[in-house]
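A quick write-up on the structure given underneath.
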């Protein structure tokens, strides 16, 4: 079996040197465990946080330890009740060709849908979008939503959920190609290329696109987009906060201090800003699948997958994801 | 009649020169209106915001216009249905000895309680505390709450509501005298003097007082106290935000930028930060009065009033309030 381990912690942006591919003996399932042959691995921005030795909502990956992540694959051998050889399952396999997991750590998949949907549109990213919109965003017909990384697996789901709820939807994405994708494939009403703007001109463009102001700013990036969007928030606006990717790899905290202005806006506009980690909301996952599996199966919810071949290419695909170089849900086919 | 008008807008901290006392003709009530002889006027931190020509949740006071504010007094003449001469009422009288208001703009008071309670413990400050705790704070027995300006009319009510709900309560106040008051009169479990600390030592003292972390940081000041409290927030902590008095009078926004750290904490700890303006919640006011009038009448809720004699002394009393120089609800007896 092969796996990718954390070779060094990044000092600033992550680099290829931070990873190492290792080969090892095939693991064997103990009592209550299953052995999975991983066919696809999910790459997600949160993994960058796990590479740092910083207290967070989940433990860091230790040096020399397998990178964490969700995979899908077939069961090669099972010693767990209710799971048998050949079942298609998903679980936290890590970046590896094979993984042993406890039976309660895996979930059997609906084989009528492509297995990779369990990593994206019907997996953690899709569920993150849905849960944050449901518990914090509270979209109301006629409102306006803005979201960055709008062609990514979370942003594209956010936009489509909002559109189905009757909102005007504004995409912010990197590059013209992604802007076209946002409008044509994901149905956004407007799309802005943040690469073509600084904070000031991005704010002007956003203001133009959101003539009635922004009711929901779905936060998954931080940085420039946040600075542009904040002054455009409407009274009683909501900011579900599920990521700060612009601020993952070392933050320049030299002034000015934007906290006083944020505080004032939060008071004056009675904003609600709330962080969400999807792991807190697994109790809602069945409701999410119930609601969204149909629309995905019927093609009413669009999704794009960006599949890289070969586990040894996972590190470069991950770096590309962090730099916004990919389009769609980043997946490694093993 | 006498009134206090806004003579100039402050450039930085407010000063006595910003105000002017004027005498004028006694106003007369038109159809549907009442004339009130104001006996007591409320002074509140939000008034500082109204002195600036900045878009906010309420219009600024115009230059030469009467300062806004809530008063209580008896009706001298009424042309409004349901209100008669001699009734004790409250309304937005402004800083004036007499005021004409529309009948629907005044509320008749329960004469069994001192009229001044309608300005403080059973008025806007008490209701602000109650509404923010009810709609955002969501206190759970066994949790820990921290609040600044803890002997003020909002902070003291917040602490008492939290204590009654079974929370450990930590006061932050300016000076040893207020700290003693916080513990002895308002029942806080611990009290910290922010004047004796910089951010770092305040955080250490707060960490000592809040051994299990902070679940609710009730925000009414911003600045140093916020910086000290933020890293101590527990997962799923709540920050009801009802004022930023430390940042009212000109803000030093030179670096470092604290926004990235706030954003990261909000995500990692799934914080909920939400602004509240009490004007949005008047529908809850009857429930507040129903719940709190009894405890106030029975002496189970403590409150302190700081009464200044004479309308002409309202400006200096207001400046003292902004500088933390008063103790208890600031009221002017006219």
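Protein chains in written order, with the numbering used here: chain A, 1 to 334; chain B, 1 to 334. All residues carry an ideal CB built from backbone N, CA and C; glycine is no exception.
I need the DSSP call for residue i, collapsed to helix, strand or coil.
i, result
"residue 151 of chain A", "coil"
"residue 217 of chain A", "strand"
"residue 186 of chain B", "coil"
"residue 281 of chain A", "helix"
"residue 39 of chain A", "strand"
"residue 146 of chain B", "strand"
"residue 313 of chain B", "helix"
"residue 84 of chain A", "coil"
"residue 268 of chain B", "helix"
"residue 167 of chain A", "coil"
"residue 55 of chain B", "coil"
"residue 108 of chain B", "strand"
"residue 233 of chain B", "strand"
"residue 138 of chain A", "coil"
"residue 286 of chain A", "helix"
"residue 17 of chain B", "helix"
"residue 78 of chain B", "strand"
"residue 199 of chain A", "helix"
"residue 90 of chain A", "strand"
"residue 69 of chain A", "coil"
"residue 48 of chain B", "helix"
"residue 258 of chain B", "coil"
Step through the CB atoms of chain A and report whether any lies within less than 8 Å of the CB of residue i.
i, result
"residue 57 of chain B", "yes"
"residue 274 of chain B", "yes"
"residue 137 of chain B", "no"
"residue 153 of chain B", "no"
"residue 12 of chain B", "no"
"residue 194 of chain B", "no"
"residue 259 of chain B", "yes"
"residue 142 of chain B", "no"
"residue 322 of chain B", "no"
Report yes or no: is there a C-beta of chain B within less than 8 Å of the C-beta of residue i?
i, result
"residue 245 of chain A", "no"
"residue 266 of chain A", "yes"
"residue 280 of chain A", "yes"
"residue 130 of chain A", "no"
"residue 270 of chain A", "yes"
"residue 39 of chain A", "no"
"residue 166 of chain A", "no"
"residue 315 of chain A", "no"
"residue 277 of chain A", "yes"
"residue 286 of chain A", "no"
"residue 213 of chain A", "no"
"residue 202 of chain A", "no"
"residue 109 of chain A", "no"
"residue 232 of chain A", "no"
Just to check my reading of the structure: residue i and residue j have Cβ atoms closer than 8 Å, yes? What is that Cβ distance to the nearest angstrom?
i, j, result
"residue 322 of chain B", "residue 45 of chain B", "7 Å"
"residue 220 of chain A", "residue 325 of chain A", "Not a contact, Cβ separation roughly 17 Å."
"residue 363 of chain A", "residue 222 of chain B", "Here chain A comprises residues numbered 1 to 334, so residue 363 of chain A is not present and cannot be evaluated."
Taking C-beta to C-beta, are residue i and residue j nearer than 8 Å?
i, j, result
"residue 331 of chain B", "residue 305 of chain B", "yes"
"residue 247 of chain B", "residue 264 of chain A", "yes"
"residue 96 of chain B", "residue 21 of chain B", "no"
"residue 230 of chain B", "residue 209 of chain B", "no"
"residue 41 of chain B", "residue 71 of chain B", "yes"
"residue 94 of chain B", "residue 68 of chain B", "yes"
"residue 344 of chain B", "residue 309 of chain B", "There is simply no residue 344 of chain B to check, as chain B begins at 1 and stops at 334 in what is shown."
"residue 319 of chain B", "residue 25 of chain B", "no"
"residue 256 of chain B", "residue 111 of chain A", "no"
"residue 29 of chain A", "residue 89 of chain A", "no"
"residue 16 of chain B", "residue 314 of chain B", "no"
"residue 139 of chain A", "residue 216 of chain A", "yes"
"residue 8 of chain A", "residue 66 of chain A", "no"
"residue 136 of chain A", "residue 232 of chain A", "no"
"residue 336 of chain B", "residue 267 of chain A", "Absent from the structure is residue 336 of chain B, since the part of chain B shown begins at 1 and ends at 334."
"residue 61 of chain B", "residue 6 of chain B", "yes"
"residue 120 of chain A", "residue 303 of chain A", "yes"
"residue 199 of chain A", "residue 173 of chain A", "no"
"residue 278 of chain B", "residue 124 of chain B", "yes"
"residue 211 of chain B", "residue 301 of chain B", "no"
Does residue i come within less than 8 Å of chain E when only Cβ atoms are used?
i, result
"residue 255 of chain B", "Here the protein chains are A and B, and chain E is not one of them."
Quiz prompt | the stretch 33-53 of chain A contacting the stretch 75-95 of chain A, beta-carbon criterion three pairs below 8 Å | solution = In this structure the stretch 33-53 of chain A touches the stretch 75-95 of chain A; the number of beta carbon pairs closer than 8 Å is three or more.
Self-check item: Three or more C-beta pairs below 8 Å linking the stretch 170-187 of chain B and the stretch 140-155 of chain B
Solution: yes
Quiz item: Would you say the stretch 155-172 of chain B touches the stretch 139-147 of chain B, given that touching needs at least three Cβ pairs under 8 Å?
Solution: Yes, since at least three Cβ pairs between the stretch 155-172 of chain B and the stretch 139-147 of chain B fall closer than 8 Å, the two stretches touch.
Quiz item: How about the stretch 123-141 of chain B and the stretch 96-113 of chain B: do they share at least three Cβ pairs that are nearer than 8 Å?
Solution: no
Quiz item: Are the stretch 286-298 of chain B and the stretch 287-299 of chain A touching by the rule of at least three beta carbon pairs closer than 8 Å?
Solution: As far as the Cβ criterion goes, the stretch 286-298 of chain B does not touch the stretch 287-299 of chain A, which means the pair count is below three.
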